[in-house]
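**Q** Below are the structure tokens for one structure; questions will follow.
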Amino acid sequence: MTLRLVVADPHAAGELAADEIEAYVTQEEFSGRDAVLGFATGSTPLPVYAALARRELSLSYVRGFALDEYVGLPQGHPQSYASVILCEAVEPLGLDPARVLVPNGAAHDPAAAGAEFERAIEDAGGIDVQLLGIGSNGHLAFNEPGSSFDSLTRVVELTAETRLDNSRYFDSLDDVPTHAITQGLGTIMRARSLVLLAFGERKAAALAAALEGPVSEDMPASIVQRHPRVLVLADEAAASLLRRETVERGRRSSLRPS
Ligand code: PGA
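Under the working numbering, the letters of the sequence shown match residues 9 to 266, in that order.
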């Protein structure tokens with residue numbers, strides 16, 4: 009594994025993540041093929057999208073895949089991840105909406121929609137750079153504790169903690185869907201480069217367990233310790249429970265060329 013860790017405020021972290029994405033997707037190798045970005049939702053990745061939008065890059069060769077989507081929200085619901093990604097990333101970055109896929113959580117058969125999404129990622133040649141947040145319970149995407157490290161895109165039940173965390177976007181807790189379609193941990197690990205972002209004290213315990221604890225399905229985000237190329241960007245509050253050696257080693261580390 010090469011894990012680079014930078015402690016920076018969300019604005020600076022957004023710029024660093026945008027640097028990583030820009031450097032990655034503007035490489036020579038993408039002159040002949042599409043670059044594939046993995047989009048995350050939630051509040052965490054917003055500074056990244058804002059930083060990328062400010063650069064006014066020409067990203068016509070970029071395709072995208074979302075990490076996850078709620079099951080059961082009607083198409084066009086403002087809290088569906090399809091709507092959020094359209095509004096926060098696709099439109100500000102000038103991406104072609106037809107080239108950014110989100111699992112179809114309104115499908116008649118969500119399990120089949122999950123399998124179809126997994127195939128679409130494979131058909132695109134896999135994800136080059138995957139943005140990730142971390143849940144306060146250590147989830148990655150909607151892979152809750154106990155998710156198999158080999159899991160692929162599938163339907164999952166959300167934990168009470170995740171529904172409570174996400175209820176801030178809905179009128180009431182009852183309105184938060186109970187299920188989602190999510191990329192699996194196995195899917196996420198196939199991305200060539202991971203950018204994991206964590207801001208705020210609420211993420212501190214999960215981030216420390218993910219980077220310093222045992223690699224365990226009880227702490228889904230700990231799987232990043234097995235990935236060959238990870239950039240972790242955390243603010244002071246989220247990094248506050250990390251050991252000093254972890255921060256120092258992470259800061260000195262440079263990502264191997266992709
Ligand atoms: P947040 O969620 O960005 O809204 O904090 C991240 C996550 O739960 O993965």
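Even glycine gets a Cβ: it sits at the ideal position worked out from N, Cα and C.
(1) Any idea what DSSP makes of Asn174, helix, strand or coil?
(2) Who are the near neighbours of Leu75 in its chain, counting only those whose CB is closer than 6 Å to its CB and skipping five residues on each side?
(3) Please confirm if the region 180 to 198 is in contact with the region 152 to 165, defined as three or more CB-CB distances below 8 Å between the two stretches.
(4) Given 6 Å as the limit, tell me if Thr190 has its C-beta closer than that to any heavy atom belonging to the ligand PGA.
(5) Which ranges does the beta strand (DSSP E) cover as unbroken runs of at least 3 residues, wholly within the region 64 to 121, from first to last along the chain?
(6) Under 7 Å between the Cβ atoms of Thr52 and Gly141?
(7) Give the range of the alpha helix (DSSP H) segment to which Leu215 is assigned.
(8) When burial is assigned at 16 or more other CB atoms within 10 Å of the CB, is Glu64 buried or exposed?
(9) For Arg162, which three-state DSSP category applies?
(10) With a cut-off of 5 Å, give the chain-ordered residues whose Cβ is closer than this to any heavy atom of the ligand PGA.
(11) I want to see whether chain D comes within less than 7 Å of Arg210, judged by CB atoms only; does it?
(12) Got a sec? Which residues, its chain only, sit under 6 Å from Gly80 by beta carbon, not counting five neighbours each side?
(13) Considering only DSSP beta bridges, list what Gly46 is partnered with.
(14) Using beta-carbon positions only, say whether Tyr57 and Glu96 come within less than 7 Å of one another.
(15) Exposed or buried, which one is Ala59 when buried takes at least 16 other CB atoms within 10 Å?
(16) Taking Ala21 as part of the alpha helix (DSSP H), name the residues at either end of that continuous run.
(17) What first and last residue would you give for the beta strand (DSSP E) that runs through Leu263?
(18) Taking the alpha-carbon positions, what's the Gly40 to Phe178 distance?
(19) For Val203, name the three-state secondary structure that DSSP assigns.
(20) Are there three or more Cβ pairs, one per stretch, closer than 8 Å when the region 246 to 253 is compared with the region 197 to 212?
(21) Pairs of beta-carbons, one from the region 210 to 230 and one from the region 67 to 74, closer than 8 Å: are there three or more?
(22) Does Arg251 come out as helix, strand or coil in the three-state DSSP assignment?
(23) For Ala199, tell me which candidate among Asp131, Val240, Pro18, Ile135 has the shortest Cα-Cα distance.
(24) Have a look at Gly146 and Ala229 and give me their C-alpha separation to the nearest angstrom.
(25) Report the rounded CA-to-CA distance for Ala21 versus Gly102, giving the unit in angstroms.
(26) Checking 7 Å against the spacing of the C-beta atoms, do Leu241 and Val14 come in under that value?
(27) Thinking just about the alpha-carbon of each residue, which of Gly84, Ala26, Leu139, Ala25 is nearest to the one in Gly73?
**A** Answer, in terms of the structure:
(1) Indexing the sequence shown from 1 puts residue 174 at position 166. Asn174: helix per DSSP, three-state reduction.
(2) Residue 75 sits at position 67 when you count from the first residue of the sequence shown. In chain order, Ala48, Ala149, Gln191 place their CB closer than 6 Å to the CB of Leu75, counting only its own chain and leaving out the 5 sequence neighbours on each side.
(3) Counting C-beta pairs closer than 8 Å gives three or more between the region 180 to 198 and the region 152 to 165, which meets the contact rule.
(4) Against the sequence shown, residue 190 aligns to sequence position 182. No, the beta carbon of Thr190 sits no closer than 6 Å to any heavy atom of the ligand PGA.
(5) Within the region 64 to 121, the runs of beta strand (DSSP E) at least 3 residues long that lie entirely inside it are, in chain order, 70 to 74, 76 to 78.
(6) Indexing the sequence shown from 1 puts residue 52 at position 44. Indexing the sequence shown from 1 puts residue 141 at position 133. Less than 7 Å divides the Cβ of Thr52 from the Cβ of Gly141.
(7) Start at 1 with the first residue of the sequence shown, and residue 215 comes out as number 207. Boundaries of the alpha helix (DSSP H) harbouring Leu215: 212 to 220, taken from the DSSP string.
(8) Locating residue 64 in the sequence shown gives position 56, counting from the first residue. The residue is exposed, with fewer than 16 neighbouring Cβ atoms inside 10 Å.
(9) In the sequence shown, the residue the question calls residue 162 occupies position 154. The answer is strand: DSSP assigns Arg162 an E or B state.
(10) So the residues near the ligand PGA by this Cβ test are Gly50, Ser51, Thr52, Gly141, Gly143.
(11) Going by chain labels, chain D is absent from the structure shown, which holds only one protein chain.
(12) Your numbering for residue 80 matches position 72 in the sequence shown. Here the set comprises Pro185.
(13) Here residue 46 is taken as the residue at index 38 of the sequence shown, counted from 1. Gly46 is bridged to Phe73, Gln138.
(14) Within the sequence shown, numbered from 1, the residue matching residue 57 stands at position 49. Within the sequence shown, numbered from 1, the residue matching residue 96 stands at position 88. For Tyr57 and Glu96, yes; Cβs fall inside 7 Å.
(15) Within the sequence shown, residue 59 is the residue found at index 51, counting from 1. Buried, since its Cβ has 16 or more Cβ neighbours within 10 Å.
(16) Here residue 21 refers to the residue found at position 13 when the sequence shown is read from its first residue. Here the alpha helix (DSSP H) through Ala21 covers 18 to 33.
(17) Along the sequence shown, one-based indexing puts residue 263 at 255. No beta strand (DSSP E) contains Leu263, which DSSP labels as neither H nor E.
(18) Here residue 40 refers to the residue found at position 32 when the sequence shown is read from its first residue. Here residue 178 refers to the residue found at position 170 when the sequence shown is read from its first residue. Spanning the two alpha carbons is a distance of roughly 43 Å.
(19) Here the question's residue 203 lines up with position 195 in the sequence shown. Strand at Val203.
(20) Verdict: yes, contact present.
(21) Result no; under three Cβ-Cβ pairs closer than 8 Å.
(22) Taking the first residue of the sequence shown as 1, we reach residue 251 at position 243. The answer is coil: DSSP assigns Arg251 none of H, G, I, E or B.
(23) For the purposes of this step, residue 199 is taken as the residue at position 191 of the sequence shown. Closest by alpha carbon: Ile135.
(24) Numbered from 1 along the sequence shown, position 138 holds the residue referred to as residue 146. Numbered from 1 along the sequence shown, position 221 holds the residue referred to as residue 229. Those two C-alpha atoms are separated by around 5 Å.
(25) Here the question's residue 21 lines up with position 13 in the sequence shown. Here the question's residue 102 lines up with position 94 in the sequence shown. Distance between the alpha carbons of Ala21 and Gly102: 22 Å.
(26) Here residue 241 corresponds to residue number 233 of the sequence shown, with the count starting at 1. Here residue 14 corresponds to residue number 6 of the sequence shown, with the count starting at 1. Result yes, Cβ atoms of Leu241 and Val14 sit closer than 7 Å.
(27) Counting from 1 along the sequence shown, the entry for residue 73 is found at position 65. One detail in the question is off: residue 73 reads as Phe in this sequence, not Gly. With distances taken between Cα atoms, Phe73 lies closest to Leu139.
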